[in-house]
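Colleague: Heads up: the sequence shown at position 178 corresponds to 178 in the UniProt record's numbering, and the numbers run straight through without jumps.
Heads up, the beta-carbon is just placed ideally off N, CA and C, and yes, glycines get one too.
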Amino acid sequence: MPYSYLSHLYCPKTLEHYDADRIQQLSAVGAPLLVAYDLQALKQHWKPADLIGREASLWRYHELLPVLDPSNVVSLGEGLTPLFCTPRIGRDLGIDDLWLKDEGIIPTGSFKARGAAVGVSKAKELGVKALAMPTNGNAGAAWSLYAARAGIEATVVMPQDAPLITRNETAISGANLYLVDGLISDAGKQVAQAVAEGGLYDASTLKEPYRIEGKKTMGLEIAEQFGWQLPDVILYPTGGGVGLIGIHKAFKELRELGWIAADKPLPRLVAVQASGCAPIVKAWEARAAASEFWADSSTIAFGINVPKALGDFLVLEALYESEGYAIAVDDAELLVEQRKVAELEGAFVCPEGAALYAAARKLREGGWIRPGERVVILNTGAGIKYPDTVQVDVPLLQPGDRLPR
1 MPYSYLSHLY CPKTLEHYDA DRIQQLSAVG APLLVAYDLQ ALKQHWKPAD
51 LIGREASLWR YHELLPVLDP SNVVSLGEGL TPLFCTPRIG RDLGIDDLWL
101 KDEGIIPTGS FKARGAAVGV SKAKELGVKA LAMPTNGNAG AAWSLYAARA
151 GIEATVVMPQ DAPLITRNET AISGANLYLV DGLISDAGKQ VAQAVAEGGL
201 YDASTLKEPY RIEGKKTMGL EIAEQFGWQL PDVILYPTGG GVGLIGIHKA
251 FKELRELGWI AADKPLPRLV AVQASGCAPI VKAWEARAAA SEFWADSSTI
301 AFGINVPKAL GDFLVLEALY ESEGYAIAVD DAELLVEQRK VAELEGAFVC
351 PEGAALYAAA RKLREGGWIR PGERVVILNT GAGIKYPDTV QVDVPLLQPG
401 DRLPR
């Protein structure tokens, strides 16, 4: 069997095919390129039982990933993150069957390691020597560290307000790090200019085809961890929306392979945004095909502060196809939920992940999440990477003082 069943790339707007054997960025009409596999051939040779005994990383699904030669795989052991039931916060929310998939324990401390692992591995296979990208923090940290492991030079531009920890992760990797007095959209313009001048591979969100493939492994894992029986609802924090696009793509590929039932609906996907930056929510409410730029965006959940996503039409398509939902929550609401989840379940989720609990509470109270449904919260990073979201006043004891009763 081949290591990968990669077939080609294609434009989701025109369906034009592109060669996957050379560097590709956007399609001729400026759309993200998606990866296609020879699923009919793979269906004949690959079964769920083949996963037994494989390594506990996302590379266990290598047939459905784009790297052709295993010698090009760049890995830090990413993937196969825990998925566990959270009954105490579930009772508080009124959700009977609530689960948490926690990406906070993955290398680099966020789900961005998935996209970086596959994206950098494929860049290495294609002969890339230097890459550049804008970031809100976690993606830049992940791509910088994986690029260092691959021997690829990285240039990263992030807003000066990006979390200090992610800034340090990027810098310590040896990447060329720059801060911009603005938003990720401003950083994106600077990276685009540098890429246009030549010599840099554009690793910006969805400007290369392979980050989605890494993110889709969250969907593959959810399916495997539930014994190929999918949940009813999955909530996902949505900035660029790559993970949501990837998860939906994973489920459609599994259905075509016959690994999940073709006669059952796919999970209803929920795109959760902050009220200070909610372009997908606004577009979804209008049943639009794409979003508009969100001016003066601001939220403490820095990872979803994306005023305009390049793949917004793919995010909205996934919501419409899955009969999903888009909802915005306030920063104050998500901070309350962040503390509550830690107190009830011992899980210190990132602010983006905390936003999902605030959204789930609203959707359950409104009846959109129904009694008895299996609901998955996808926490995308470790809460400890955002120390500024937690403010505590701790008593100071002197030596010899008794502990208060």
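For Gly311 and Ala262, I'd like the C-alpha separation in whole angstroms.
Modeller: Taking the sequence shown and counting its residues from 1, the one referred to as residue 311 is at position 311. Taking the sequence shown and counting its residues from 1, the one referred to as residue 262 is at position 262. Cα-Cα distance, rounded: 27 Å.
Colleague: Looking only at C-alpha atoms, which of Ile300, Thr238 and Phe302 sits nearest to Arg284?
Modeller: To locate residue 284, count along the sequence shown from 1; it is residue 284. The sequence given here has Trp at residue 284, not Arg. Residue Thr238 is the option with its Cα nearest to Trp284.
Colleague: Starting from the Cα of Leu319, find the closest Cα among Asp69, Arg88 and Val272 and give me that residue.
Modeller: As a working mapping, residue 319 is identified with position 319 in the sequence shown. Comparing Cα positions, the closest option is Val272.
Colleague: Considering Ile52, what are the terminal residues of the beta strand (DSSP E) in which it resides?
Modeller: Within the sequence shown, residue 52 is the residue found at index 52, counting from 1. Careful: Ile52 lies outside any beta strand (DSSP E) and carries neither H nor E.
Colleague: Excluding five sequence neighbours on each side, which residues of the same chain lie with their C-beta closer than 8 Å to the C-beta of Pro87?
Modeller: Taking the first residue of the sequence shown as position 1, residue 87 is located at position 87. Here the set comprises Leu98.
Colleague: Output needed for residue 453: all residues of its chain with C-beta closer than 7 Å, excluding positions within five of it in sequence on either side, in chain order.
Modeller: Any question about residue 453 goes unanswered here, given that the chain covers just 1 to 405.
Colleague: Hey, is the segment 153–173 in contact with the segment 219–226, meaning 3+ C-beta pairs nearer than 8 Å?
Modeller: The answer is no - the segment 219–226 does not touch the segment 153–173, with fewer than three Cβ pairs under 8 Å.
Colleague: Pro307 and Ser185: beta carbons closer than 8 Å?
Modeller: Translated into positions along the sequence shown, residue 307 becomes position 307. Translated into positions along the sequence shown, residue 185 becomes position 185. Yes, they are a contact pair.
Colleague: Shortest alpha-carbon distance to Leu334 belongs to which of Leu51, Leu266, Val315 and Tyr357?
Modeller: Start at 1 with the first residue of the sequence shown, and residue 334 comes out as number 334. Checking every option, the nearest Cα to that of Leu334 belongs to Tyr357.
Colleague: Please give the ranges of any alpha helix (DSSP H) in the segment 52–123, keeping only runs that are unbroken, at least 4 residues long and fully inside the region.
Modeller: Complete alpha helix (DSSP H) runs here, min 4: 87–93.
Colleague: If you scan the segment 230–303 from start to end, which runs of the alpha helix (DSSP H) of 4 or more residues do you find wholly inside it?
Modeller: You should have 242–257 and 279–285.
Colleague: Take Arg114 as the anchor and find which of Ile369, Ser75 and Ala289 has the nearest alpha-carbon.
Modeller: Translated into positions along the sequence shown, residue 114 becomes position 114. Checked all of Ile369, Ser75 and Ala289; the closest Cα to Arg114 is Ser75.
Colleague: Taking the DSSP output, what are the residues bridged to Leu9?
Modeller: As a working mapping, residue 9 is identified with position 9 in the sequence shown. In the DSSP output, where bridge partners are listed per residue, Leu9 has Tyr18 and Val35.
Colleague: For Asn138, which three-state DSSP category applies?
Modeller: Within the sequence shown, numbered from 1, the residue matching residue 138 stands at position 138. DSSP places Asn138 in helix when its eight states are reduced to three.
Colleague: Cβ atoms of Ala132 and Val180: under 8 Å apart, would you say?
Modeller: As a working note, residue 180 is residue 180 in the sequence shown. As a working note, residue 132 is residue 132 in the sequence shown. Cβ distance not < 8 Å, so Val180 and Ala132 don't count as in contact.
Colleague: Taking the alpha helix (DSSP H) that Pro395 belongs to, which residues open and close that run?
Modeller: Numbered from its first residue, the sequence shown carries residue 395 at position 395. Element bounds for Pro395: n/a, residue is neither H nor E.
Colleague: Whose C-beta lies closer than 8 Å to the C-beta of Ile89 among residues of the same chain, with five residues either side of it excluded?
Modeller: As a first step, residue 89 must be located in the sequence shown, where it is residue number 89. Only Leu98, Lys340, Val341, Leu344, Glu345 and Tyr357 meet the Cβ criterion.
Colleague: Check each candidate in Ile212, Val390, Glu103 and Ala148 and name the one with the smallest Cα separation from Lys124.
Modeller: If you number the sequence shown from 1, residue 124 lands on position 124. It is Ala148.
Colleague: I'd like to check one pair, Leu363 with Val281: are the Cβ atoms closer than 8 Å?
Modeller: Position 281 of the sequence shown, counting from 1, holds the residue named residue 281. Position 363 of the sequence shown, counting from 1, holds the residue named residue 363. Contact flag unset, no.
Colleague: Work out the CA separation of Leu396 and Glu221 for me, nearest whole Å.
Modeller: For the purposes of this step, residue 221 is identified with residue 221 of the sequence shown, where counting begins at 1. For the purposes of this step, residue 396 is identified with residue 396 of the sequence shown, where counting begins at 1. Cα to Cα, the separation comes out at about 45 Å.
Colleague: Could you spell out the range, first to last residue, of the beta strand (DSSP E) harbouring Tyr320?
Modeller: The sequence position of residue 320 within the sequence shown is 320, counting from 1. No beta strand (DSSP E) contains Tyr320, which is instead part of the alpha helix (DSSP H) from Asp312 to Glu321.
Colleague: Please name the residue or residues paired with Arg211 in a DSSP beta bridge.
Modeller: In the sequence shown, the residue the question calls residue 211 occupies position 211. Its beta-bridge partners do not exist; DSSP assigns none.
Colleague: Helix, strand or coil for Glu221 per DSSP?
Modeller: Residue numbering aside, residue 221 sits at position 221 when the sequence shown is read from its first letter. Three-state DSSP puts Glu221 in a helix.
Colleague: When DSSP labels each residue in this structure, what does Pro159 get in the three-state scheme?
Modeller: As a working mapping, residue 159 is identified with position 159 in the sequence shown. If DSSP states are grouped into helix, strand and coil, Pro159 belongs with the strands.
Colleague: So, for Leu257: in the same chain, excluding its five sequence neighbours on each side, which residues have a beta-carbon less than 8 Å away from its beta-carbon?
Modeller: Along the sequence shown, one-based indexing puts residue 257 at 257. These residues qualify, in order along the chain: Leu39, Leu42, Lys43 and Trp46.
Colleague: So Ile247 and Met218 are supposed to be a Cβ contact under 8 Å. How far apart are they, rounded?
Modeller: Residue mapping note: residue 247 aligns to position 247 of the sequence shown, counting from 1. Residue mapping note: residue 218 aligns to position 218 of the sequence shown, counting from 1. Rounded, the Cβ-Cβ distance is 6 Å, consistent with contact.
Colleague: By how many angstroms is the C-alpha of Arg167 removed from the C-alpha of Gly137?
Modeller: One-based indexing of the sequence shown puts residue 137 at position 137. One-based indexing of the sequence shown puts residue 167 at position 167. Whole-angstrom Cα-Cα distance: 6 Å.
Colleague: Expressed to the nearest angstrom, what Euclidean distance is found between the alpha-carbon atoms of Ala295 and Ala288?
Modeller: Looking up residue 295 in the sequence shown gives position 295. Looking up residue 288 in the sequence shown gives position 288. Cα to Cα, Ala295 sits roughly 18 Å from Ala288.
Colleague: Counting C-beta neighbours from all protein chains within 10 Å, is the total for Lys207 16 or more, i.e. buried, or is it exposed?
Modeller: As a working mapping, residue 207 is identified with position 207 in the sequence shown. Buried, because 16 or more other Cβ atoms sit within 10 Å of the Cβ of Lys207.
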